[in-house]
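A quick write-up on the structure given underneath.
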Amino acid sequence: MAAKTEDILREAMTCTAESRHKTHGDKVINHGNIAQLWSWYLKKEVTAYDVAMLMTLLKIARTKTGSPNKDDHVDGAAYLAIAGELRFDD
Numbered sequence: 206m207a208a209k210t211e212d213i214l215r216e217a218m219t220c221t222a223e224s225r226h227k228t229h230g231d232k233v234i235n236h237g238n239i240a241q242l243w244s245w246y247l248k249k250e251v252t253a254y255d256v257a258m259l260m261t262l263l264k265i266a267r268t269k270t271g272s273p274n275k276d277d278h279v280d281g282a283a284y285l286a287i288a289g290e291l292r293f294d295d
């Protein structure tokens with residue numbers, strides 16, 4: 206059965222709101238923690254928004270090798286949505 210846009214987005218929503226939250230904790234705090242560690246390692250400031258965008262690019266890069274899988278698209282959509290939340294949080 207072919208994946209539909211709505212199915213991929215629904216699964217990405219579940220990842221960001223439920224399943225990954227249970228495993229990794231709050232997404233904003235988690236991306237902030239990653240940003241601090243990457244900043245330390247790179248000796249250059251990295252923001253939580255940068256982390257989400259770079260993780261999106263990682264998922265895009267993974268589509269270029271290996272076997273096609275829906276997970277890369279679901280996670281990519283989820284990371285891009287997190288980036289939007291971090292960028293446009295009012």
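Sequential numbering of the sequence shown, starting at 206, is according to the working numbering. C-beta atoms are modelled at their ideal positions from N, C-alpha and C, and glycine is treated no differently. Computed from a prediction, not measured in an experiment: that's the story for all the values here.
Please report the straight-line C-alpha distance between CYS306 and VAL251, rounded to a whole angstrom.
Given a span of 206 to 295 for the chain in the structure shown, any question on residue 306 remains unanswerable.
Only counting the same chain, and skipping five residues up and downstream in sequence, which positions put a Cβ closer than 7 Å to that of ALA282?
The sequence position of residue 282 within the sequence shown is 77, counting from 1. Cβ within range, chain order: ILE213, LEU214, ALA217.
Between ASP231, THR210, LYS209, ASP280, which has its C-alpha nearest LEU259's C-alpha?
Mapped onto the sequence shown, residue 259 falls at position 54. Residue ASP280 holds the alpha-carbon nearest to the alpha-carbon of LEU259 among ASP231, THR210, LYS209, ASP280.
Can you tell me whether DSSP reads GLU250 as helix, strand or coil?
Numbered from its first residue, the sequence shown carries residue 250 at position 45. Correct three-state label for GLU250: coil.
Using alpha carbons as the reference points, say which of ASP255, ILE265, HIS229 lies closest to GLY289.
Working through the sequence shown from its first residue, we reach residue 289 at position 84. The option with the nearest alpha carbon to GLY289 is ASP255.
Less than 8 Å between the beta carbons of VAL233 and ALA208, yes or no?
Looking up residue 233 in the sequence shown gives position 28. Looking up residue 208 in the sequence shown gives position 3. No, they are not a contact pair.
Using beta carbons (cut-off 8 Å, strictly below), is THR221 in contact with chain D?
Looking for chain D here will not work: only one protein chain is present.
Below 8 Å on the Cβ atoms is my guess for ILE287 versus ALA257; work out the distance and round it to an integer in Å.
For the purposes of this step, residue 287 is taken as the residue at position 82 of the sequence shown. For the purposes of this step, residue 257 is taken as the residue at position 52 of the sequence shown. Taking a contact as a CB-CB distance under 8 Å, the pair ILE287 and ALA257 counts as one, their CB atoms being some 4 Å apart.
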